[in-house]
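Numbering (the numbering used here), first residue to last: 5 to 206.
Shown next, in structure tokens, is the structure this report addresses.
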Amino acid sequence: MGARDDGVVKYRADHTTAPLPRINGLAQLDTVRTRLWDLGWLGVYPDGIGYGNVSLRHERDTFVISGSGTGAKRFLEHTDYALVESFDPEANQVVSSGQSVPSSESMTHGAIYRADTTVRCVLHIHHRGWFDRLLSKGWPRTPAEVPYGTPEMSESVAELVRFRSRRPFLFVSAGHEEGLFAFGSTLESTLDLMFATLKGNP
Ligand SMILES: [Zn+2]
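Right, dumping it as structure tokens:
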């Protein structure tokens with residue numbers, strides 16, 4: 005499995021299969037996800053490994069995130085989302101519920117929500133060309149030497165979020181091949197930033 009792999013859960017997962025509570029904004033989140041899917045920025049690689057994921061803050065530091073193994077679907081049902089109820093980057097543990105297991109990228113999303121309480125959504129996509137282009141332009145990034153899916157990754161994400169005050173914000177996860185993250189206080193502004201940044205050809 006390569007470093008771009010979103011399909012393998014690297015943390016200890018404590019998941020309970022149970023219906024999701026009512027989540028405000030979940031339908032809008034899925035509409036945004038479908039736009040990303042249509043662009044090929046989220047989906048499934050030819051080898052069957054999914055990539056990209058989206059999340060929305062629920063209450064306090066809890067959030068809903070697209071489920072693991074859902075990359076092939078253009079539309080998701082609420083049963084394809086998971087609620088991350090708590091997470092501990094140092095123990096590398098995620099506690100969740102839902103009919104789906106949360107994306108393997110949950111810890112990174114959680115680190116962003118915890119570092120900035122104004123953040124309402126996180127969009128994670130993969131793009132080979134923009135990943136390379138933004139890195140060559142010196143774009144904000146988490147360090148390439150920090151392996152994806154580790155407590156160190158969560159810490160470097162939290163540092164970046166705290167250090168960079170502009171919102172919405174887009175960064176490159178240099179240690180996670182092809183990975184870009186955007187986050188902000190609304191879905192619209194976060195998606196707008198992504199489109200404005202990834203405009204034209206890389
Ligand atoms: Zn990824």
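Glycine residues also receive a C-beta, built at the ideal position from the N, C-alpha and C atoms.
**Item:** Counted within 10 angstroms of its Cβ, other Cβ atoms place Ala-162 as buried (16 or more) or exposed
**Value:** When all chains shown are included, Ala-162 counts as buried.
**Asked** Start and end of the alpha helix (DSSP H) containing Gln-32?
**Response** For Gln-32, the enclosing alpha helix (DSSP H) begins and ends at 30-42.
**Prompt:** Taking 6 Å as the line, does the beta carbon of Tyr-49 fall inside it for any heavy atom of ligand 1?
**Reply:** No, the beta carbon of Tyr-49 sits no closer than 6 Å to any heavy atom of ligand 1.
**Item:** Run of the alpha helix (DSSP H) containing His-90, from where it starts to where it stops
**Value:** The displayed chain sequence assigns Ser, not His, to residue 90. Here Ser-90 belongs to no alpha helix (DSSP H); instead the beta strand (DSSP E) covers 85-92.
**Request:** Using beta-carbon positions only, say whether Met-111 and Ser-158 come within less than 7 Å of one another.
**Result:** By the CB criterion at 7 Å, Met-111 and Ser-158 fall inside the cutoff.
**Item:** Backbone secondary structure at Leu-202 - three-state DSSP
**Value:** Of the three classes helix, strand and coil, the one that applies to Leu-202 here is coil, per DSSP.
**Asked** With 16 other CB atoms within 10 Å as the buried threshold, where does Met-5 fall?
**Response** Annotation note: pLDDT 37 at Met-5 (below 50); position unreliable, coordinate value reported separately. Classification of Met-5: exposed, given that the 10 Å Cβ count is below 16.
**Message:** Less than 6 Å separating the Cβ of Gly-153 from some heavy atom of ligand 1?
**Reply:** For Gly-153, the CB stays at least 6 Å from every heavy atom of ligand 1.
**Message:** Classify Trp-205: buried if its beta carbon has 16 or more other beta carbons within 10 angstroms, exposed otherwise.
**Reply:** Note that residue 205 corresponds to Asn in the displayed sequence, not to Trp. Classification of Asn-205: exposed, given that the 10 Å Cβ count is below 16.
**Prompt:** If we ignore side chains and look at the alpha-carbon of each, how far apart do Phe-135 and Asp-84 end up?
**Reply:** If you take the alpha carbons of Phe-135 and Asp-84, they lie about 27 Å apart.
**Prompt:** Going straight from the alpha carbon of Gly-44 to that of Gly-54, what length do you get?
**Reply:** Straight-line Cα distance between these residues: approximately 11 Å.
**Asked** Which of the three DSSP states, helix, strand or coil, is assigned to Tyr-49?
**Response** Taken through DSSP and simplified to helix, strand or coil, Tyr-49 comes out as coil.
**Asked** Taking all protein chains shown into account, do 16 or more other C-beta atoms lie within 10 angstroms of the C-beta of Phe-67, making it buried, or fewer, making it exposed?
**Response** Buried: at least 16 other Cβ atoms inside 10 Å.
**Item:** Endpoints, alpha helix (DSSP H) assigned at Ala-162
**Value:** Element bounds for Ala-162: 155-167.
**Length of the line joining the Cα atoms of Ser-59 and Phe-167** = Between Ser-59 and Phe-167, the alpha-carbon positions lie close to 22 Å from each other.
**Close-in-space but distant-in-sequence residues of the same chain around His-131 (CB under 8 Å, 5 per side omitted)** = Trp-45, Glu-182, Leu-184, Leu-202 and Pro-206.
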